[in-house]
Every structure is written in structure tokens, then in C-alpha cells.
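*Asks:*
Number of protein chains: 2
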Amino acid sequence: MHVTIRDVARLAGVSVATVSRVLNASAPVRETTRERVLDVARDLRFSPNGAARSLSRQRAGALGVILPDIYGEFFSELLRGIDQEAQRANHSLLVSSSHHDCRGIGAAVRAMRGRVDGLMVMAPDVSAPLLADVLPRGVPTVLLNGPAIDGDAFVLTVDNYGGAVAMTRHLVATGHVRIGFIAGAERNHDASERQRGYREGVREAGLAYDAAYDVRGDFSEAGGWRGTRALLALPSPPSAIFAANDAMAVGALSALREAGIVVPTEMAVVGFDDIPVAQFLNPPLTTVRVGIAALGERAAALVLAALAERSPPDHAPRRDVLPAVVVVRDSCGASAGAPSHLTPRSGHPERSRLDRSSWSSTPGGIRI
Amino acid sequence: MHVTIRDVARLAGVSVATVSRVLNASAPVRETTRERVLDVARDLRFSPNGAARSLSRQRAGALGVILPDIYGEFFSELLRGIDQEAQRANHSLLVSSSHHDCRGIGAAVRAMRGRVDGLMVMAPDVSAPLLADVLPRGVPTVLLNGPAIDGDAFVLTVDNYGGAVAMTRHLVATGHVRIGFIAGAERNHDASERQRGYREGVREAGLAYDAAYDVRGDFSEAGGWRGTRALLALPSPPSAIFAANDAMAVGALSALREAGIVVPTEMAVVGFDDIPVAQFLNPPLTTVRVGIAALGERAAALVLAALAERSPPDHAPRRDVLPAVVVVRDSCGASAGAPSHLTPRSGHPERSRLDRSSWSSTPGGIRI
DNA sequence: CCGTCCCATGTAAACGTTTTCACGACGTCG
DNA sequence: CGACGTCGTGAAAACGTTTACATGGGACGG
Chain H
103 MHVTIRDVAR LAGVSVATVS RVLNASAPVR ETTRERVLDV ARDLRFSPNG AARSLSRQRA
163 GALGVILPDI YGEFFSELLR GIDQEAQRAN HSLLVSSSHH DCRGIGAAVR AMRGRVDGLM
223 VMAPDVSAPL LADVLPRGVP TVLLNGPAID GDAFVLTVDN YGGAVAMTRH LVATGHVRIG
283 FIAGAERNHD ASERQRGYRE GVREAGLAYD AAYDVRGDFS EAGGWRGTRA LLALPSPPSA
343 IFAANDAMAV GALSALREAG IVVPTEMAVV GFDDIPVAQF LNPPLTTVRV GIAALGERAA
403 ALVLAALAER SPPDHAPRRD VLPAVVVVRD SCGASAGAPS HLTPRSGHPE RSRLDRSSWS
463 STPGGIRI
Chain G
103 MHVTIRDVAR LAGVSVATVS RVLNASAPVR ETTRERVLDV ARDLRFSPNG AARSLSRQRA
163 GALGVILPDI YGEFFSELLR GIDQEAQRAN HSLLVSSSHH DCRGIGAAVR AMRGRVDGLM
223 VMAPDVSAPL LADVLPRGVP TVLLNGPAID GDAFVLTVDN YGGAVAMTRH LVATGHVRIG
283 FIAGAERNHD ASERQRGYRE GVREAGLAYD AAYDVRGDFS EAGGWRGTRA LLALPSPPSA
343 IFAANDAMAV GALSALREAG IVVPTEMAVV GFDDIPVAQF LNPPLTTVRV GIAALGERAA
403 ALVLAALAER SPPDHAPRRD VLPAVVVVRD SCGASAGAPS HLTPRSGHPE RSRLDRSSWS
463 STPGGIRI
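From first to last, the protein sequence lines are chains H and G. With the working numbering, the residue at position 150 of the first sequence is 252, and numbering never jumps. With the working numbering, the residue at position 210 of the second sequence is 312, and numbering never jumps.
1. List in chain order: all unbroken alpha helix (DSSP H) runs of 4+ residues lying wholly within the region 152-178 of chain H.
2. Who are the neighbours of M224/G on chain H, taking C-beta pairs under 8 Å?
3. Based on Cα-Cα distance, which residue from A345/G, F382/G, P339/G lies nearest to I363/G?
4. What does E399/G touch in chain H if you count any residue whose Cβ is under 7 Å from its own?
5. Whether or not the region 173-180 of chain G and the region 231-241 of chain H are in contact is what I'm after, with contact meaning three or more pairs of Cβ atoms, one per stretch, closer than 8 Å; do they touch?
6. Examine chain H for any beta-carbon lying closer than 8 Å to the beta-carbon of M214/G, and answer yes or no.
7. Any beta carbon from chain G within less than 8 Å of A408/H's own beta carbon?
8. If you draw a straight line from the alpha carbon of R71/H to that of L424/G, how long is it in whole angstroms?
9. Report the residues of the region 165-179 of chain G with a CB closer than 7 Å to any CB of chain H, ordered along the chain.
10. Does the beta-carbon distance from A324/H to G353/H come in below 8 Å?
11. Report yes if the C-beta distance between S294/H and P366/H is below 8 Å; otherwise report no.
12. According to the neighbour-count rule (16 or more other Cβ atoms, all chains shown, within 10 Å of its Cβ), is D252/H buried or exposed?
13. Where L358/H and R159/G are concerned, what is the direct C-alpha to C-alpha distance, given to the nearest angstrom?
14. List the residues of chain G whose Cβ lies closer than 8 Å to the Cβ of F382/H, in chain order.
15. Just the C-alpha distance for H202/H and V211/H, rounded to the nearest angstrom, thanks.
16. Let me know if P337/H comes out buried or exposed under the rule of 16 or more other beta-carbons within 10 Å of its beta-carbon.
17. Can you name the residues that DSSP bridges to M506/H?
18. Please say whether L232/G and G248/G have beta carbons closer to each other than 8 Å?
19. What are the uninterrupted segments assigned as alpha helix (DSSP H) that are 4 or more residues long and contained completely in the region 344-382 of chain G, given in chain order?
20. Which one of H278/H, I281/H, P226/H has the shortest CA to CA distance from L258/H?
21. To which residues of the same chain is S198/H closer than 6 Å at the C-beta, ignoring the five residues directly before and after it?
22. On the DSSP letters alone, give me the boundaries of the beta strand (DSSP E) that R391/H sits inside.
23. I'd like the span of the alpha helix (DSSP H) that includes R427/H, first residue to last.
24. Once you ignore the five residues that flank I107/H on each side, which residues in its own chain have a CB closer than 6 Å to its CB?
25. Report the rounded CA-to-CA distance for S463/H versus T389/G, giving the unit in angstroms.
26. Taking 8 Å as the cut-off, decide whether the C-beta atoms of N384/H and N126/G are in contact.
27. Output, in sequence order along the chain, the residues in the region 179-197 of chain G whose CB is closer than 7 Å to any CB in chain H.
28. Which of helix, strand or coil does DSSP assign to T259/G?
29. In three-state DSSP terms, what is L406/G?
30. P446/G by DSSP, collapsed to three states: which one?
31. Note the first and the last residue of the continuous alpha helix (DSSP H) segment covering R289/H.
32. Measure the C-alpha to C-alpha separation of A268/H and V317/G and round it to an integer number of angstroms.
33. Tell me whether S294/H sits in a helix, a strand or coil according to DSSP, three-state version.
34. Please report how far the alpha carbon of R112/G lies from the alpha carbon of L246/G, in whole angstroms.
35. Does DSSP classify D141/H as helix, strand or coil?
36. Count the other C-beta atoms from every protein chain shown that fall within 10 angstroms of the C-beta of G220/H, then say buried if there are 16 or more, exposed otherwise.
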């Protein structure tokens, strides 16, 4: 049926071992036989069977990615970062999404056994013990934006709490006293951390926390739209809306436009994530940059590093938190008043697609 | 090292064949032994090695996806559609991106040999003969948005030309006589088809085609931004800008905002693709809906169908074109004037994430 | 009571690589 | 001139499944 290494060997008049050696350059082969083998391989359009190869070597040359969803620019960016780093190490990506509960995650993990060398799992909705139970042992695993876990998985998160506190402080500093918050999905780890940050920011400013201004969303544009309607319906609506992610901020901007409310003069809107489109919105969105692609890159790098050293790196920290910095643009109304000498507004459409600047912590916010 | 089926067999006191039969329910096994095997398997947390499994059965249970890039919402949506359909058939996705030239595509294809049962390849920049040369024979393949090809690959495209003609007609009907166009990347198949549609639309309206209004872009927000600046710098700027995709339309909106030009009253802006965020932009973007996720779903469905019947479906058409319909929103200025009885503006934030309506052709444009 | 059939199970051969081991031939050094 | 590496190669054993084939034991009909 398919052409195998045996066919190549037969036609070239050598053993399969020699063919393998030629194709992998794994041992010296006489130049004449080498060329003969390569010729036959090319003629037959032979390409080695990946499954057989992974079975024989004990590595698959692929990384597994398990995601709750792939809707929106966030996951697109994350995947891009992961892919970029994986490709550097000649690894491909086995992607499986739409896994919210640990049953689904468990199934996906099992399906990947033997076809991937490492695993990246994003499971913001699943509690730590349940998750620990389904993760495989013996496979380098990085948990993205999840809770701490007591398996041998490395946990990589973004400073959700710190970023939300910083953003709330920024709004307070701009003069807002009624700040509405549109939270993420219930039970979602990122969502609750960001909410915790918002509440702390409000509390430390000495403002009265009012649950009516703290509405539930779901990280989708539609959720932001609904949340905004809810906030506008309050007897005394907020003067600023803090959406727990950029997608909801987009929905908020849309709802405000429909309501005829001008941003930022009549209402400030800020988001979280700094998805690529944020800077191109009308008005450009003030948000918290988390370096999504960098997060993905780092996750892949961690898995690959664990793969490189045969023994699991016990000395290395089991947890890493990436910084989240406030990026001030026009949608919060603070743009005009803020000191403009920090970072000149220039060339923003030219910025590199993969901005590594967020790998290192930036003190305070930055202006773009 | 890892626990294998042999370990399970040994501890359960049966042969490996029996274990396999239990786990796959492929043959009747006495209830008592079945339970014993399942218990041991659970205790040992056994999960079968995927590589070995793919080698033994002659199928991998995975589909390969080869993309030029994964930047932006377009690819995110496409991947989502593919994943959705693949998951329905219990297949996972092996994704490889950043492949622009046929050398890279060839390498990716070879790396996937034996680990995937079918292939979806998006290679808008590669010419047909080159591409045909690197595609594998014997593996069901669907080419996305590529040129027709004389291999045995199925070609699935969107009606780029028709959509662009329709959109241009719409702008003409709205009263525009100077329509700027921001094209996609050179040598990109989608890009040139859309450009061809724009030119035809202009021509058939009896307007003089002026190359100065037909500027080069690159399908990125930054490219749209630059293209818009170029159009604004013309001695007599256009009154409408047709960006060859939504990402560039986003860049255009951003550039116009910076220039203090109000959309749509002073300038109409339209895009192509109808990425999810389009309806939430300020103003909501008039664009050409291609049903990105549906495209992905259909591609996966075609591969899976070819997989189901052992022989390649010769009777089936080797090419399919999905409709592209104009979606009128606010950014083109025609919204207020157009008859509003067609489709009431309602519930747009609630629309289902995966809209299958574009699978079937809709006569004329639709209003949202 | 014996032949036949079926059911549950075991044995072993695939599947297509890589890799270890062995083995000649050849050159080098003592 | 013999012992000893080195180099090129082949044979065969992994790798962990699935599955065709074989086998033994019980049920059942004659």
C-alpha cells in the first residue's frame, strides 16, 4: 500500500538499517550507497511513517495543547506563541479544544498518550484536585493560568490579581469613584483572580464596594454587551467600566455606542489581556497587557526544557507568574492628561507581532 | 518505564489480547475477567500508547492542518470550525503553521505522514504546480482557498471574486464614485481574486479604474492602517475604502479616527471575511460574510467523508465554492437608507457562535 | 454418549521504524 | 607478520498495540 523503508532498501539493494542511517544521518555511510539510497527514496517519494518512528525512538516530536475553547483572539495568540517556540525545536502541535470539565480533559490527555512528548493544559474552570487526578505522570506538563496543583506539573500564570489591582488604581487615580466591573465566568480561575484584584483596588481606595456594580460576564463580546446594559440600567450608573477581558470590553464599547454614550468623555472603558486588536479599536483600548503570545512561548519553552534534561527539574521553581502591566490608551480618558514623555506615541501599527517586552516586568504602566 | 498493556495483562492474569479486547470492546469477554482487567487498568492508570495504536490499526485518529500563519481572528475561527467537526468524529488535530513556501509545506506534510489520516492545507501564496508536487498521494487532502490543482486534492474555496464584486456594487449603489481598495499580499490567491472582483465591480459600474486607488496591503491591521494613509494622501481621496479583509478594515478605521475623519459620514469603510469582532466595531463593520468556521467545518467534513469510504470519491466534485454574501452594517453609511424590513436589527450579541446560515447561498445581501 | 458448534481465551504475527550487536574488510602499529 | 581499531554494512531485536488464527471446554442436538 504505502511505500515503506523496506521498499527503498530493496530497490537500493541495501538493508533497511542502511536506509535509516542515510535518512537520519545517524551513522557514516559510503557516499555511493548514500546517493543510491537518496535517489531511490526520492523516486519513490518515500517519507517515514511518523507513528512507527515515535514508537521506535521513544519520543513523538510533538507537544499536546489542551484548551477550553478556541474562540477569539486570545487563544489564537496563545497558540501562535506556543507554535512559534515548538517549531524552533522542530516539534508539531497536537491541539484539542472544547474541554471544560475534567472528564473531557482526561479523555484528551489519554488520547494524546504516546503521540506527544509534553503537554500544555489550560483549564481555568477546573479545580486543582480534580485536575491533578487526570494529568499524566511521566509527561512534562505545564498548566496555563490554572490554580496551583500538587502534581508534578509546572504552573504558569499571569499576574491576574496584580494587573486588576493596578488597573483599578489607575481608574481611581483618573478620578473615578463609581467603577463598574464585568467579571468572567463563574468558577473560572482567571476570572476570580481578576475580580479579587478589582475588589481590592476599590477597597484600598476607600470606596464603598457595591455588589451591584460587580456584574457577572462570560469573557465573550456578548457577555460584555449584556454586562454593560446591566450597568447602564443602574439608578446611578458607573463612570468607568472595567471588563475582565478585552473581548468583553469590545462588547462594552459596542453597547455604549448603541446607547449613544461617548467613550471616554462620558464613560471610561478598560479591558484585560491586550489582544492585538485592542490598539486598533475606536477608541484604542486601555487594558492590561499580559503578553499572550509570550505566555504561550514560555509554556512551550518550559516543556521543551523539561524534555531536554531527562530528569524532571526538581530544583527549578514549580510555578511562574508573568507580569501584567497597565497599557494606557484612549478609552479610559486618562490619555490626554497623563505625562506623554514616558513613551512617545509612534509607530504603533508597526510594532512587532510578537512583542517580547512583556517577558520582563515593567515598573508601573506604560503608554502606547 | 511506562505502564504498557503487558503490565496490565500480567497483573490481571490474562493475555494482552484479552486486555485489548476489554479496552476496545472489540470482542466478548467474560464479565468477571472484564472487571478484573478494568480494575487493574484503572489501578495502574494505564492508557494505551497512541503511536503503537496508530501503527497497528492503520489509522491515526488525527487530521493534519497546515496553515500559513495563525495570526488574528480568521485563523482562530477556521481552526475552531475544523476542530468542532473533527471532534465529532473523535479525531484530534495536528496543527502546523508559518508555512508560506512549498518547501516548508512539504516538510510539514512529510512530518505528518503516518500521524494523520487526512490533511487540510491552506497555502494561498503557493502556485498550483508547486503545491501539487509536495502534497502526498494516498492521503485525503482538502485544499483551502487555494487555486485549482491537478492532484487528487479536493479544493474548497470561498467565492472571493463574487463577494468582492457584490460589495463593490453595493458601494456603487450607495452613491460612491471614488472607491479605494486595499489589496492583500501579492501572490496571495484570495487577495488577487478579491482584487479582481473589485476591479470588475468598478468597471461594470462604468467608473474609470484608477490604479492610484488600488493600493497594496498585507491582510494585517497595520497594512490597512498604512493603506488608508496612502489613500488619504491622494490629491482627491476616495469616499469609500474597501479593505480586502476585516483586519485591514480595522486598521483603516483606526487610521481614519486618528485623522479625525468620521465613519461613515465622511468616509465609508467595508471589509471582507466577517470575523466575529466585526459586528462589535465602532461603527459595526459592513463586510462580506464567508462563514469562516463553516468553511473549516466543511473542510474537515470532506476529509472525514473521504476517510469513511475507502476508495477516493471520484464521482464527487473535486471543487467546491462557498458563497460570500454582503452583510450591511453601519460602517458603509448605507444602513440608515437601506430598507430595514429585510432583517430586523435584533439580538445580534446573542447570535450563535457557529452560524451555519452561510452554508447555503443567500440571494443578495443581508442586513444585521 | 458422541460429534458439533460457540464462546472465551491464548499465541503469535503483523505494523514500520530505530538501534544494538555482530561481522567482515581494511589499514595501522607494534 | 599478527593484533587491533575503524569503517561500512546486515541481521535482528526492540517499541506497544491490534488481530488473525489456534485451542480448549462447555452446551446442545442427534
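Every residue gets a Cβ at the ideal spot worked out from N, C-alpha and C, and that includes glycine. All values derive from a computational prediction rather than experimental measurement.
*Replies:* Working from what's here:
1. Listed in chain order, the complete alpha helix (DSSP H) runs (minimum 4 residues) inside the region 152-178 of chain H are 152-158.
2. Within chain H, no residue comes near M224/G; the closest Cβ sits about 14 Å away, beyond 8 Å.
3. By alpha-carbon distance to I363/G, the top candidate from A345/G, F382/G, P339/G is P339/G.
4. At a beta-carbon threshold of 7 Å, none of the residues of chain H lie near E399/G; the nearest stands roughly 13 Å away.
5. With a cut-off of 8 Å, the region 173-180 of chain G and the region 231-241 of chain H do not count as touching, because too few Cβ pairs lie within range.
6. By this cut-off, M214/G is an interface position.
7. No, A408/H does not count as interfacial toward chain G.
8. Limits of chain H in this structure are 103 at one end and 470 at the other, which puts residue 71/H out of reach.
9. Of all residues in the region 165-179 of chain G, I172, Y173, G174, E175, F177, S178 have a Cβ within less than 7 Å of some Cβ in chain H.
10. The answer is yes: Cβ separation under 8 Å.
11. No; because the gap between Cβ atoms is not below 8 Å, this pair is not in contact.
12. Under the 10 Å beta carbon count, D252/H is surrounded by fewer than 16 other beta carbons and is classified as exposed.
13. Answer to the nearest angstrom: the Cα atoms are 56 Å apart.
14. Those within 8 Å of F382/H in chain G are E323, W327, V352, G353, L355, S356.
15. Using only the alpha carbons, I get a separation of about 13 Å.
16. Per the 10 Å Cβ criterion, exposed.
17. With chain H running from 103 to 470 in the structure shown, residue 506/H is simply not present.
18. For G248/G and L232/G, no; Cβs fall outside 8 Å.
19. If we require 4 residues or more, the alpha helix (DSSP H) runs fully inside the region 344-382 of chain G come out as 348-360.
20. For the residues H278/H, I281/H, P226/H, the minimum Cα distance to L258/H belongs to P226/H.
21. Excluding sequence neighbours, S198/H sits near I168, A210.
22. It spans 389-391 - the beta strand (DSSP E) in which R391/H sits, taken as one unbroken run.
23. One detail in the question is off: residue 427/H reads as Val in this sequence, not Arg. Taken as a continuous stretch (DSSP letters only), V427/H belongs to no alpha helix (DSSP H), being part of the beta strand (DSSP E) at 427-430.
24. Answer for I107/H: V118, V121, listed in chain order.
25. At S463/H the pLDDT is 33, less than 50, meaning the model places this residue with poor confidence; the figure from the coordinates comes in the next sentence. The alpha-carbon of S463/H is positioned some 39 Å away from that of T389/G.
26. The beta carbons of N384/H and N126/G sit no closer together than 8 Å.
27. Taking 7 Å as the upper bound on Cβ-Cβ separation, chain H lies near residues L181, R182, D185, Q189, S194, L195, L196, V197 of the region 179-197 of chain G.
28. T259/G: strand per DSSP, three-state reduction.
29. If DSSP states are grouped into helix, strand and coil, L406/G belongs with the helices.
30. Note that P446/G scores 34 on pLDDT, short of 50, meaning its location in the model is unreliable; the coordinates nonetheless yield the value given after this. Correct three-state label for P446/G: coil.
31. For R289/H, there is no enclosing alpha helix (DSSP H), since its DSSP letter is neither H nor E.
32. CA-to-CA, the gap between A268/H and V317/G works out to about 42 Å.
33. Note: S294/H maps to helix in three-state DSSP.
34. Roughly 49 Å between the two C-alpha positions.
35. Judged by DSSP in its simplified three-state form, D141/H adopts helix.
36. When all chains shown are included, G220/H counts as buried.
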